[in-house]
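Each remark here refers to the structure printed beneath this line.
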Amino acid sequence: MSKTGAELRLQGLGKRYGAVQAVKPLDLAIKGGTLTTLLGPSGCGKTTLLRMIAGLEQATEGRIFIGGRDVTLLSAGERNVSMVFQSYALFPHMSVLDNVAYGLVSSGLRKREAHARAEAALETVGLKGFGTRLPSEMSGGQQQRVAVARALVLEPDVLLFDEPLSNLDTRLRRTMREEIRALQQRLGLTVVYVTHDQSEALAVSDMIVVMRNAEIAQAGTPHELYARPDNVFVATFMGEANHVRGRIERIDGPMADVTLDALRLTLPQRGLAAGPVDLVIRPEAIRISDAGGGIAATVARETYMGSHTEYHLATPLGELFCVAPDRLRRRQAGEAVSVTFDPEGVVAVHP
Amino acid sequence: MSMLTRSSFPIWLLACLGTLVLPWNMQQDGVRLAGLIALGQPDPEASSAFWQALAHGRFWFWPVVAALFLALPGALKAGSRARQAGFLVWGGGLGLAAIVLQGLAIGIQGWSWGWMNALFGELPDRQFGMGLGGSLAALGFLLLLTDGLALRGWFKGDRFVAGAVGVLAGSILVFTAWPVGTVLSQILTPREDLGILAATGARLLDSKIWGLSCVSAPVGCGVFWNTLMLAFSTATLTTLLGLCFALIVTRSGFRAKRALRLLTVLPIITPPFVIGLGLILIFGRSGVINQMFDAVFGIELGRWIYGYGGVLLAQVFSFTPIAFLVLIGVVEGISPAMEEASQTLRASRMRTFTAVTLPLMLPGLANAWLVSFVESLADFGNPIVLGGSFGVLSTEIFFAVVGAQQDFGRAAALAAIMLAVALLAFTLQRVAVGSRSYVSMTGKGDSGLPTPLPRLVRNLAYAVALPWAVLTIVVYAMALAGGFVRVWGRDWTPTLSHFTRAFALERGPEGDLIFSGGAWHSLFTTIELAAIAAPITAGLGLLAAWVLSRQRFRGRTALEFALMLTFAVPGTVIGVAYILTFNLPPLEITGTAIILVACFVFRNLPVGVRSGIAAMSQLDKSLDEAAITLRASTFRALRTVVLPLLKPAIVTALVYSFVRAMTTVSAVIFLVSAEYEMATVFIINRVINGDYGLAIAYCAALIVLMMAAIGLINLLVGRRRLGRRSAALAAAPAAPATTPAGGRA
Ligand SMILES: Nc1ncnc2c1ncn2[C@@H]1O[C@H](COP(=O)(O)OP(=O)(O)O)[C@@H](O)[C@H]1O
Ligand SMILES: [Mg+2]
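Taken in order, these protein sequences are the chains called A and B. No gaps in the numbering here: position 308 of the first sequence is 417 in the numbering used here, and each next residue is one more. No gaps in the numbering here: position 513 of the second sequence is 731 in the numbering used here, and each next residue is one more.
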């Protein structure tokens, strides 16, 4: 199990159910040995896209290449991909070992050898010795691992996960996602991972593909998406963000001079023209002080959160949401303050 | 290994075997091993299609042979996928077309159509029904065609699904659509003295069907009105009674609920005319009540039981348990939360019942009413036993066929009318069930206790249902008691002689066992044929259920619709249709066991499909998908994952189709022969001859047999648990299979 996963390329891939366009034709290239998440709100077409890659749905248009081979017309079994289902889909009437060995036996391996390799796969996911149990005799997290082992043991070119952690409780979700990430990196797998949870996506991904309304809103590394979202949707989906309107006064090479009420900022220009512009400000990039020089604001509400304090500020730009470390002085509601921005946390975006 | 990568060659070999080697036609005295190689036979009827064409000048087989070789390149995986698909589709399709055309074109009197005489000249030859070779060749060509379509990307490229859909569609076409079409076309045949139009008009507008003279004069109305009146009354009464029972069982503190529920099993395990028999023994000329009145008051009660009143009473007794069963589901489907909400909104129990519970049940009540309506419409056993001069459609069809006049045209016209009414009721039922979904909209999350019934409603339900339950038991008990006295009404000496007449065993001269009782032959035949039919029914039914609930393909809705329609065809119609269709080539199977088995299978298919769909809907779809992504072929996924998880549904379907095959009368009565006599038909004939003792003894034996079969399911299904999390998977399927929609009789 040491080979590196194959690269995956989607070319104009689209799916339509009658009148419903579940996935609009899209292009995507995924490097071998990386973990890519498909992130987006419910109903945006993530599962459909994943199932097309798996071969469980026939694409209405476009092609799919795995490791350079066109697999568009191949059936699920011929593609050398594996999938971990949201419900795990462990066969309840088979032992854990038989579950894991199922794919190997299907591919024509002899039972004895299949079992030996299944044992090894179970060991990889830390379930050595659990082979004789029935899936119903295991906890949710263990079932999840069995599902992963069952998919892994086939040494797939691409491993697919559809919201694999949604049936687990919060604490377990954290550990499991780290395990999946560690396993993927250790074995050099190509993984496509569907989730609607942005923190999960940020934690495990090499690349995140944010989807909206059946198309790709933006694709990039977690840092790119968080720090330089292309549009308001991506910005707000990737974490808390304040959306305000400013004005590009002057464009200076790659940079732009932007006025925001009383403030002037120099930001990356990102292909925007001079004139009114949408800006996204991360809550942690808002600085509050007593001194002037910033935008005049009043504290509308403050909420103590332990490690930090959240403020809602009334400003000429509209209400701003802001997070401040607790060691700073706590402000009371009604206090007049002055606001400035850390340019790192302010991005000019397309609407 | 995917199914796709395997070649179609084995299927081609099957078609090849059927066309070149095996005897094409059905052999008079069965096929011997030596007769299997039908090449070089001097007798054309014993030859394969190829040999008939080559050596006996039957040129109409050449297209079949040509199509076979046209398909060969496709089966050999020569050339690109598209080319292969082309060869398979054309070869398979043309072969199938050639087989059908030659089969229809040449009958027992040469060419079937006049213009062919003109074209090819008189044909001195004739052709018998298709046999082993013909059937295998047809199957082979069909599968070559579906393989080709799968290669072209139909059915997501899945050969197994393509083949399954092909087989299902083909068998529905041959065993339901074609016969029903034949019946309908019989209406249009001219009668000796009348032309086509006049004959058709005379048949369809017959005053014996539509006459309304009973409104003004004390004579009988037309059979249509008789049937309709009977079905309306039966449906209304059974629905009301069923509702009372259902309310008691689900919404009251009644102690013996389980005992009441047992009532629902009665119609499944008893032949449909047992109630009729019981009523005769109570109210008939020599019945208990009549004798008593005669002895005590000196009053002759007369023969009122033979006619509308008697049939109605028998049907209400017979079908109340069915309405009961349907309505249990309806009442249980109502979310307690809605009733609780109503009560917290200050409604009294009575108001909650009338304003919330009843309206929510309405679609379900409509469904139960229509189920009973269809049951009554299709019932044959009770009217034949009790009807007397009161004719309904099903019995009139029977007498049109077996009576002195043998008027198939009239039978066809009656069958068409019956079919139309059944389809209408069936359509209404689908609408009623469809609109029922809002009842359980809140789904599983429901909690809370069902609201107890208002006192008035509860007392009413008790007052109606409990006496009726007692009466039902009495009727059944009477029916069975009749088997243990010498001559009911005249000689009350207890005896087992009826049983010995039916089931006597003797020692032969060499000490071997001789089954000398009169019933053995039909009992063994029935068990044997029912046992052959059961696995086919269950298999086809579950396959259909799987295809319909798991696959999406073009024509899926059409297949579903066709399957639903087969559910709606009354047994009597099927019976007439089968003898009309299958006593001539190309499928000449009247008088054989095949026609009975086919009848069982296609009449009971709903049982398999329903329990399959119910079970499948409990089964997480991603289980099959997981198997597919784990490199399993569709067939392997079905065999190793779906089937094992459906075991309870399979057992249920097997046992119920067995039991129903054993107790059915309406269609089978047309199809039996001296060699293949069915238990129920044997019993009916005893009843018609007035030999009640033997009939009842036989019924008792059947009931015991059926109870054993049902007990077996409970044993097998009840014990099966796959583990705590999948318990829900296994628990579901036992119930739905019992809910009938088409006529059962
Ligand atoms: N089998 C189907 N038939 C019709 N529409 C479907 C089907 N599956 C999904 N859709 C539609 O496609 C869209 C995308 O669904 P899906 O891929 O499941 O979204 P996600 O996984 O992002 O929540 C939805 O609007 C959904 O209603
Ligand atoms: Mg989804």
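Beta carbons: idealized from backbone N, C-alpha and C, even for Gly.
On the DSSP bridge assignment, give the partners of residue i in chain order.
i: A:SER191; result: A:LEU268
i: A:TYR126; result: A:VAL129
i: A:VAL300; result: A:LEU144 and A:LEU268
i: A:ALA138; result: A:ARG118
i: A:VAL458; result: A:ASP387
i: B:GLY236; result: In DSSP, B:GLY236 forms no bridge with anything.
i: A:ASN340; result: A:HIS459
i: A:LEU372; result: A:LEU369
i: A:MET316; result: A:THR145
i: A:ALA445; result: A:THR407
i: B:ALA720; result: In the DSSP output, where bridge partners are listed per residue, B:ALA720 has none listed.
i: A:ASP179; result: A:PHE174
Along the chain, where does the alpha helix (DSSP H) containing residue i start, and where does it finish?
i: A:CYS431; result: Run containing A:CYS431: none in the alpha helix (DSSP H); it sits in the beta strand (DSSP E), 427-434.
i: A:LEU274; result: Counting along the chain, A:LEU274 falls outside any alpha helix (DSSP H), and DSSP gives it neither H nor E.
i: A:ASP207; result: 205-215
i: B:GLN533; result: 526-550
i: B:PHE617; result: 611-620
i: B:LEU288; result: 280-293
i: B:LEU458; result: 441-469
i: B:ALA776; result: 774-786
i: A:GLN251; result: 249-261
Can you list, in chain order, the residues of its chain whose CB lies under 8 angstroms from that of residue i, leaving out five sequence neighbours each side?
i: A:GLN251; result: LEU236 and PHE239
i: A:GLU349; result: ARG391, PRO392, PHE430 and VAL432
i: B:ARG344; result: ILE324, GLY325, ILE326, GLN327 and GLY328
i: A:ARG439; result: GLU411, TYR413 and THR418
i: B:PRO964; result: Any property of residue 964 of chain B remains undetermined from this structure, which presents chain B solely from 219 to 963.
i: B:PHE393; result: ALA816, VAL819 and PHE820
Leaving out five residues on either side along the sequence, give the residues of the same chain with a beta carbon under 7 angstroms from the beta carbon of residue i.
i: B:SER226; result: GLY292, ALA293, LEU306, LEU362 and ASP365
i: A:GLN130; result: ALA323
i: B:GLU614; result: VAL441 and LEU632
i: A:GLY427; result: VAL353
i: A:VAL209; result: ALA227, ALA230, LEU231, VAL255, ALA258, ARG259 and VAL262
i: B:PHE511; result: ILE517 and LEU519
i: B:GLY505; result: ILE498, LEU499 and GLY707
i: B:ARG479; result: VAL467
By Cβ distance below 6 angstroms, which residues in the same chain neighbour residue i in space, the five residues on each side in sequence not counted?
i: A:ALA328; result: VAL318
i: B:THR418; result: ILE405 and LEU406
i: B:ALA807; result: For the sequence presented, residue 807 of chain B should be read as Ile rather than Ala. For B:ILE807, where only same-chain residues beyond five positions count, the Cβ hits under 6 angstroms are PHE800 and ILE813.
i: A:LEU137; result: LEU119
i: A:ALA371; result: ILE404
i: B:SER734; result: ALA722 and GLU724
Grab the span of the beta strand (DSSP E) containing residue i for me, first residue to last.
i: A:THR424; result: 417-424
i: A:GLY355; result: 351-361
i: A:THR407; result: 404-413
i: B:THR711; result: 709-712
i: B:GLY494; result: From DSSP, B:GLY494 is part of no beta strand (DSSP E) but of the alpha helix (DSSP H) over 492-501.
i: A:ARG172; result: 170-175
i: A:SER398; result: 395-398
Self-check item: Selection of the stretch 840-867 of chain B by Cβ proximity to chain A, strictly under 8 angstroms
Solution: Contacts with chain A (Cβ-Cβ distance below 8 angstroms) from the stretch 840-867 of chain B involve SER840, LEU841, GLU843, ALA844, ALA845, ILE846, THR847, LEU848, ARG849, ALA850, SER851, ARG854, THR858, VAL859, PRO862 and LEU863, listed in chain order.
Exercise. Using a Cβ-Cβ cut-off of less than 8 angstroms, give me the residues of the stretch 360-377 of chain B that come near chain A, in sequence order.
Key: Cβ contacts with chain A: GLY371, LYS374, GLY375 and ASP376.
Practice problem: Could you please go through the chain and list the residues whose beta-carbon is closer than 5 angstroms to any non-hydrogen atom of ligand 1? | Solution: Those residues are A:TYR126, A:VAL129, A:ALA131, A:SER151, A:GLY152, A:CYS153, A:GLY154, A:LYS155, A:THR156 and A:THR157, given in chain order.
Exercise. Determine which residues of the stretch 202-236 of chain A have a Cβ less than 7 angstroms from any Cβ of chain B, and write them out in chain order.
Key: The residues in question are HIS202, TYR211, GLY212, SER215, SER216 and GLY217.
Exercise. With 7 angstroms as the C-beta to C-beta threshold (strictly closer), list the residues of the stretch 159-172 of chain A near chain B in chain order.
Key: For the stretch 159-172 of chain A, which is checked against every Cβ of chain B, the residues closer than 7 angstroms are ALA163, LEU165 and GLN167.
Quiz prompt | Near-chain B residues of the stretch 299-332 of chain A (beta-carbon distance less than 8 angstroms), N- to C-terminal order | solution = Under the 8 angstroms Cβ criterion, the stretch 299-332 of chain A contributes no residue.
Quiz item: For the stretch 173-192 of chain A, which residues have a beta carbon sitting closer than 9 angstroms to at least one beta carbon of chain B?
Solution: Against chain B - using a Cβ distance shorter than 9 angstroms - the residues of the stretch 173-192 of chain A are LEU182, LEU183, SER184, ALA185, GLY186, GLU187, ARG188, ASN189, VAL190, SER191 and MET192.
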